[in-house]
Structure formats: C-alpha cells, structure tokens
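Report on one structure; see the data block that follows.
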Amino acid sequence: MKSRYSKLIFFALILLALSGAFTSPLALIAGFLFNLFFKTPYRQKQHQAINYLLKFAVIGLGFGMFISETIATGSKGFSLTLSTIVLTVFLGFILTKYLKIDLRLGHLITSGTAICGGSAIAAISPAIKANAKTISVSLAIVFMLNAMALCIFPVLGHAFHLSQEQFGIWCAVAIHDTSSVVGAALQYGEEALKIATTVKLTRTLWIIPMAVFSMFYFKTKNERVRIPYFIIFFVLAILAHSYHLLPESWAEGLVLLSKRLLLVSLLLIGINISLKDFKTIGLKPVALALVLWIFIATFSLLFILY
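Just so you know, we're using the working numbering here: the sequence shown kicks off at 580 and counts up by one.
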C-alpha cells in the first residue's frame with residue numbers, strides 16, 4: 580500500500596513540474612522532502628532519466644536563441660572561463676595534497692567544480708579509473724552545493740544589483756551543474772537564462788581537454804571519454820531558430836517544454852539527494868569542495884564587477 584501511495588505521489592509531483600506549478604528551488608525541495616518521507620520508486624532508472632531530461636531541456640533552449648547573440652555571449656565569457664578553470668584546478672591539486680584526500684576523489688571534485696559538475700565527473704571518472712564509491716561521493720558533494728547555489732545565487736545577484744548579463748555569466752561560471760545554472764538563471768530573467776546557458780555549454784567543452792589531461796596525469800592508457808554530443812544538437816537548434824527553419828510558435832513551444840523538463844530534472848535531483856550519502860563522506864572532501872566553490876564564486880564575481 581505504501582509503495583502504491585509513493586508511486587502516486589511521485590507521478591503527481593512530476594505532473595505538477597510539467598504543468599509549471601513549481602519554481603526551480605521548489606522543484607528541488609519537493610524532491611528532497613519526498614525522499615525523506617516516502618520510498619523512492621524507480622531509483623535505478625532516475626539517474627539515466629535526469630541525464631536525458633537535462634540534455635533534451637538544454638537542446639530545447641537553443642530554439643530560443645540566435646547564432647549572432649550566442650557567438651557574442653560565448654566570447655564575453657571566454658577569458659573568465661579559461662582563468663577560473665586553470666586557477667581552480669591548480670588550487671584543487673594543492674588542497675588535495677595538503678588535506679591528504681584520495682587523489683582520484685580530489686581530482687573529480689576539482690574537475691566538477693572547475694567545469695560542469697556531474698557531467699565533468701561522469702566524463703572524467705572512466706579516464707582515471709575511479710571506483711563507484713569515489714564517483715558517488717564526488718557526485719553527492721556536487722549535488723549538495725548545487726542545491727545551495729540554486730537558492731543562494733539569485734538572492735546574491737539582486738543584493739549586488741547584477742544586470743541580466745552579469746548574473747548569467749556569473750552563475751554559468753560559478754555554479755557546477757548545467758541544471759542548477761539554468762534553474763538559477765531562470766529565476767533571474769529570460770536574458771540571464773539565455774546568457775547562462777550559452778556560457779555554460781561553452782564551458783562544458785573544456786571537458787574534452789580536461790579528460791585527456793587526466794589520462795596522462797593518472798598514467799592510464801587510452802580510455803573512452805564520453806564527449807557531450809548534446810552540445811552539437813544545441814548548436815543545431817540555435818542555427819534552426821536563427822535561420823527560421825521552424826515556425827516561431829513551434830520554437831516558443833519547444834522552449835516552454837524544455838523549461839518544464841528542466842523542472843522535472845530538478846525534482847528528480849532533489850529525490851536523489853540522500854542524507855545517508857553525506858554521513859559517509861567525511862569533512863575533508865566537503866571542505867575541499869566548499870573552498871573551491873567559494874574561490875570560483877568570489878573570483879568570478881570580482882572579475883565581472885571590476
């Protein structure tokens with residue numbers, strides 16, 4: 580009986596997310612509360628669902644963008660993206676050794692913070708032969724900080740009187756996962772959402788050189804690296820909209836659908852945040868992630884303001 584009720588509530592929450600009844604933080608909180616009080620159905624399939632939903636949502640957002648704006652926005656964030664990645668990775672290496680954290684765990688946390696959270700961890704973990712526990716711990720920490728960022732960044736953006744463009748660039752650089760970047764930007768405004776999505780996906784491309792570097796650093800032989808091919812479809816969606824290959828009403832519908840799919844993915848991420856995971860982590864890896872996150876958020880904010 581309890582299992583039946585949990586499934587009914589689970590699907591009811593998904594329908595509410597699809598209807599747009601949730602904001603981004605509420606979707607995440609609703610998922611977390613569901614996980615606290617109910618048995619989560621289909622848990623093994625949810626990680627794959629989150630992965631696909633996020634990719635489809637990002638591709639759909641491309642139908643609301645134009646190629647000229649995308650190139651201009653990507654170039655604006657390039658110098659900040661490059662400097663933050665290099666400095667964060669360097670600081671991560673130093674802190675990992677100083678805190679005596681497992682090298683692979685420290686590297687995954689650093690890579691996730693420097694580039695794009697769970698996507699970077701998923702792409703780099705096979706390249707360094709990380710075990711399941713190392714991967715799950717690094718993902719748990721990243722998801723925890725993502726949840727905090729989703730609620731904190733819009734408040735800080737208004738407190739510092741950031742423009743739509745400034746906030747879009749800032750959250751794209753300083754927030755780990757694309758889902759939380761888009762979720763935070765969605766709360767701030769349409770222009771912030773467009774800029775944040777473009778800058779974040781440009782940043783995601785750095786997974787490829789980072790994965791290659793990781794192979795050599797950990798002295799592994801050629802491993803298959805999962806390249807984020809959905810970025811190609813995101814670019815194709817922008818091109819399709821730029822050259823009016825679809826009716827405007829269709830493009831608007833796809834953008835709306837992508838935002839609703841994003842809410843569903845945030846709901847599922849909330850459902851998969853477990854308090855038990857954090858009890859097994861220990862303080863040092865959390866301290867590493869927190870210091871790196873504060874550094875990249877502060878550095879990028881000062882870069883944007885001054």
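Note that CB positions come from ideal geometry on N, CA and C, so glycine has one too.
Residue i, buried or exposed, once every other Cβ within 10 Å from all chains shown has been counted against 16
i    : result
M580 : Residue placement at M580 is flagged as unreliable, the pLDDT there being 47, under the threshold of 50; a coordinate-derived value is accordingly withheld.
Y767 : buried
N725 : buried
P826 : exposed
L780 : buried
Q625 : buried
F732 : buried
Of the residues the options, the one placed nearest residue i, counting alpha carbons only
i    : options                   : result
G643 : T663, E769, I754 and I673 : E769
L963 : G671, L833, S758 and G849 : Residue 963 is absent from the model: the chain starts at 580 and stops at 885.
L880 : D756, L772, H740 and L825 : H740
Q743 : K773, V721 and K838       : K773
N710 : L684, F813 and G696       : L684
G747 : L765, A775 and F732       : A775
V843 : R622, S585, A628 and S647 : A628
H823 : L632, I646, I714 and A600 : I646
L841 : W829, S585, L729 and A816 : L729
F601 : L765, P620 and I714       : L765
N- and C-terminal bounds of the alpha helix (DSSP H) containing residue i
i    : result
M789 : I786 to Y796
P864 : L862 to L884
G696 : G696 to I703
Y767 : T757 to Y767
I852 : That residue, I852, is in no alpha helix (DSSP H); it is neither H nor E in DSSP.
Presumed contact (8 Å Cβ cut-off) between residue i and residue j, rounded CB distance
i    : j    : result
K676 : F809 : So it is not a contact: roughly 35 Å between Cβ atoms.
G736 : L845 : About 18 Å; that fails the 8 Å criterion.
W749 : I883 : 5 Å
S837 : G639 : 3 Å
I588 : F617 : 6 Å
Contact set for residue i: own chain, Cβ-Cβ below 8 Å, skip 5 residues either direction
i    : result
L871 : T667, L670, G671, L674, I688, T689, T692 and A693
Residues near residue i in its chain [Cβ-Cβ closer than 6 Å; skip 5 each side]
i    : result
Q745 : I883
A790 : A702, I703, A706 and V804
D681 : none
Residues of its chain near residue i, where Cβ-Cβ distance is below 7 Å and the 5 sequence neighbours each way are ignored
i    : result
F813 : V637, I638, G641 and L780
L718 : G697 and I700
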